[in-house]
Each structure stands twice: as structure tokens, then as C-alpha cells.
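Residues 1 to 372, numbered by the UniProt record's numbering, are exactly what the sequence shown covers, in order.
Single-structure report; data block below.
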Amino acid sequence: MLNSTINLDSCDLQFHLKKELATRRYLIVLDDLWEEDGNNLERLKEMLQHGRKGSRIIVTTRNRSVVQQLRTGFLALEPAECWELMKQRAFGPDDDHSGLEEIGKQIAGKCGGLPLVANALGQVMSELRTVGAWEDIRDTKVDLGLREGHQKETLERLMLSYHHMKLEFKMCFIYLATFPKGFVMDNNHLIQQWNALGYINSRHDGQRCINYLLGMSFLRIPGSALVGSSPLHFKAPPELVMHDLVHDLASTIFADEFIDLDATRSTSWNKARYYRHAQLTNFKNDPKVFKYIPGKLRSLHLRDLGGMKLPKKAFSRCKYIRVLDLSGHSMNGQLAPSIMVLPSSINKLKLIRYLSPHQTMLFGPIRRLQPK
């Protein structure tokens, strides 16, 4: 049933589900549910009402309308439970809690019952174990200026942990918005891009940053649980992903510097903005898009351009680019071509430090690339 539309009215489907579940005690997890149609949700509930005593269904959602349609309570953590989660990150087994415990409990009340927020704040607090620093976290008010909606409060709670995270890692974090949601990031390429942009000075710094973001649950290892299970690694894990909410936070913070242009959506360059980073997606038949690339870009990411031949002057305006990411030039399950001929304007990129894929065939020499 993967990659297909399921008809909830199908008698055949209902029969088979009943047959499979009737003799089992099961745990079903419906993760990130977005269906708002009450009738569809009722039919889904009816289909899953079979099974032995003790069976359970867990629903996770970021949409309060789903909670209302399911007519169930929003099962957020109590402040005391948030504090227990935060303590696991904030303190070691032999640390002195005196003077901090009461402030920590007050900070836990700002988590909104969300484990992701509690975990992120706990990691930040572990680096700032003074009464003054914790009081500052407790007293900080965040307003992102967002419209009222189901994500506004969550993003502003997450923003509190970003506001107090290590300054040296803030740019590394928000740069992750340049990757699409659900994108599996290669840690080597990520560290090289951070280094090329001047956000870090060494591979060791990059590994420290990744471990820090893993500790906050702002990054996680593919296939691992969202919160609380990402171990700290001396060596960064080979692949990394972001949760959608964390990606939304990075995108919100990065909005004035990053533009995501997709030919399938009605987006365009806003000349009034000073973009430093751009992503071009699905421009298979529109090479003219390169004419409007802002001249101050520091990174350019090309994704799903199919077999489009890049114009000769594609990079003629991009003299400040340090990162040129072509690794997503062909997506939809296919890798970037092993040999790709780049236009002569590539030599305009005097400051380039990172080019992916590394096996690209070039016209003319390019110096100062980061070593693999």
C-alpha cells in the first residue's frame, strides 16, 4: 500500500484489517497525522477498533484540528515531567544542583509540555550552569512576529533554546534550512560547507557542532527516535536529518538571507532582499532563472534540474559564492551524474571553497576547494 491512495470505504480493506487485528494485541503509531476530515478520521478509528484487550493506538500530530476531530485531549507533558527530561541533559550524575533546581523548574513551565523543547533547553542549560544564565533563560520573552496558528507557540518555544545556544554554532544551525525537509545530510559534506563559509575553523569544530545539535535534538540520526535517544559521538555520525519543526525554525530565522525558488511554486526573486543563500529546484526548462541570481550569494544549491544544460553565463554574477552544491542536480531517486560539464563562467567564482559533486568535469582550473 506504499505510494498509493487508500480508499477507506473499501470493504475489502476493512475485512482484511479486521481479520489481521482481531487475534492480536497491537500497538499502532500514526505519526504526524494531518487528515482533518472528521468523516475520514471516524472511518479510520472504526477500522482500527479490532484487536485483543490492551491494544493501543498512538497518534502524533502538529495540527490541533486533528486533535479536536479525534475528540481526545492534547497529551502534553506536565512541567514536572519536562523538568525530569531537562535534568537528564542539564546535569551530570554528581553535579551540584543547589541554587539551580528551582529556576530550572520555572523554565520547565515554558516548554508547553513539548519533549522537543524540553530536550533542547536542557542541552543549552548544561552549557550555562550559573544562576544568572538560568534566570536569563527564564526571563527571556520571544516573539517571532508570526501569525496566530498551531505552530506559532511551538516555534517561539523552540526559539528560546536557539536564542541561548552557543553563538559559534548559531550560523551552522540556521544554514541547515538550505536543505529540503527530510533531506539526509552527509556529515562530511556538511562540515566542509560550514568550513567553506567560515562558520567553523576545523573538522573538529564541525564534529563539536553536530554533537551539540544532536544533544538538542535539532539534528538526529536517521531511524532514531526524535527526542532523548541521540547519543553524543566523539566522531559525528555519517548521516543526519532534521525534524520538520526544527527545519521550520531554521527557515524562519534564515528567511531574510535564504530564498528557496521552486519552478512548481509561484516564487520569485525579491530584489528588495539581500539574499546570501539560494536553492533552485525543478528548473528543468528555464535556464533564464540564472539571470536573476543575486550577486551577493555565498552559497547556491541546485536540485532536480534534470538534464538541463547550464547556461554559459550561469555563474557570471556570482563572484562571492563559496559553496556550489550540485549534489541534488538529479533527484527523484537518481544520483547526480558522474560527469557533468560546467560552463566557463565557473571561473568567475574566485572565492569558491566547496564544489559538489567532487567528480564534476570542469572547464578551467578551480583552486582553493576544501579537501575531501
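Don't be surprised by glycine CBs; every beta carbon is placed ideally from N, CA and C.
Buried or exposed for residue i, please, with buried defined as at least 16 other CB atoms from any protein chain shown within 10 angstroms of its CB.
i, result
"proline 231", "Note that proline 231 scores a pLDDT of 47, beneath 50, so its modelled location is shaky; the value from the coordinates is reported in the next line. With fewer than 16 other Cβ atoms within 10 Å, it is exposed."
"asparagine 211", "buried"
"histidine 16", "exposed"
"aspartate 186", "exposed"
"alanine 336", "Caution applies to alanine 336, whose pLDDT of 48 falls short of 50 and renders its modelled position unreliable; the model cannot decide the point."
"serine 161", "buried"
"histidine 97", "exposed"
"tryptophan 34", "exposed"
"threonine 140", "exposed"
"asparagine 201", "exposed"
"tyrosine 274", "exposed"
"lysine 110", "buried"
"valine 66", "buried"
"serine 356", "buried"
"histidine 233", "Because histidine 233 carries a pLDDT of 49, less than 50, the predicted location of this residue cannot be relied on, and the following value inherits that uncertainty. With fewer than 16 Cβ atoms within 10 Å of its Cβ, histidine 233 is classed as exposed."
"lysine 53", "exposed"
"histidine 164", "buried"
What first and last residue would you give for the alpha helix (DSSP H) that runs through residue i?
i, result
"valine 117", "115-126"
"histidine 204", "203-215"
"threonine 252", "244-253"
"glutamine 49", "Note, glutamine 49: premise wrong, no alpha helix (DSSP H); not H, not E."
"alanine 90", "79-90"
"lysine 170", "167-175"
"glycine 295", "Counting along the chain, glycine 295 falls outside any alpha helix (DSSP H), and DSSP gives it neither H nor E."
"glycine 132", "131-139"
Any idea what DSSP makes of residue i, helix, strand or coil?
i, result
"serine 338", "Because the pLDDT at serine 338 is just 47, under 50, the model does not fix this residue reliably, and the value given afterwards should be weighed accordingly. Correct three-state label for serine 338: coil."
"tyrosine 354", "strand"
"threonine 264", "coil"
"serine 229", "With a pLDDT of 45 at serine 229, under the threshold of 50, the modelled position of this residue cannot be trusted, and the question is left open."
"histidine 97", "coil"
"isoleucine 191", "helix"
"glutamate 239", "strand"
"aspartate 186", "strand"
"arginine 220", "strand"
"phenylalanine 179", "coil"
"serine 316", "coil"
"methionine 331", "Note on methionine 331: pLDDT 36, under 50, position unreliable in the model; the coordinate value appears next. Three-state DSSP puts methionine 331 in coil, outside helix and strand."
"aspartate 286", "coil"
"valine 67", "helix"
"isoleucine 107", "helix"
"leucine 17", "helix"
"isoleucine 259", "strand"
Identify the continuous beta strand (DSSP E) that holds residue i and give its terminal residues.
i, result
"glutamine 151", "Counting along the chain, glutamine 151 falls outside any beta strand (DSSP E), and DSSP gives it neither H nor E."
"isoleucine 28", "27-30"
"isoleucine 57", "56-59"
"alanine 278", "277-281"
"leucine 300", "299-303"
Rounded to the nearest angstrom, how far is the Cβ of residue i from that of residue j, given a contact under 8 Å?
i, j, result
"valine 124", "methionine 47", "Wrong, their Cβ atoms sit about 43 Å apart, outside the cutoff."
"aspartate 32", "threonine 61", "7 Å"
"leucine 280", "leucine 302", "5 Å"
"asparagine 282", "threonine 264", "5 Å"
"leucine 158", "alanine 120", "6 Å"
"threonine 154", "leucine 114", "6 Å"
"arginine 89", "glycine 112", "Arginine 89 to glycine 112, Cβ: 17 Å. No contact."
"glycine 92", "valine 131", "Actually they are not in contact, since the Cβ atoms of glycine 92 and valine 131 sit about 18 Å apart, beyond 8 Å."
"glutamate 127", "lysine 166", "7 Å"
I'd like to know if residue i contacts chain B, where contact means its C-beta is closer than 8 Å to some C-beta of that chain.
i, result
"phenylalanine 290", "Although the question refers to chain B, the structure presented lacks it and comprises just one protein chain."
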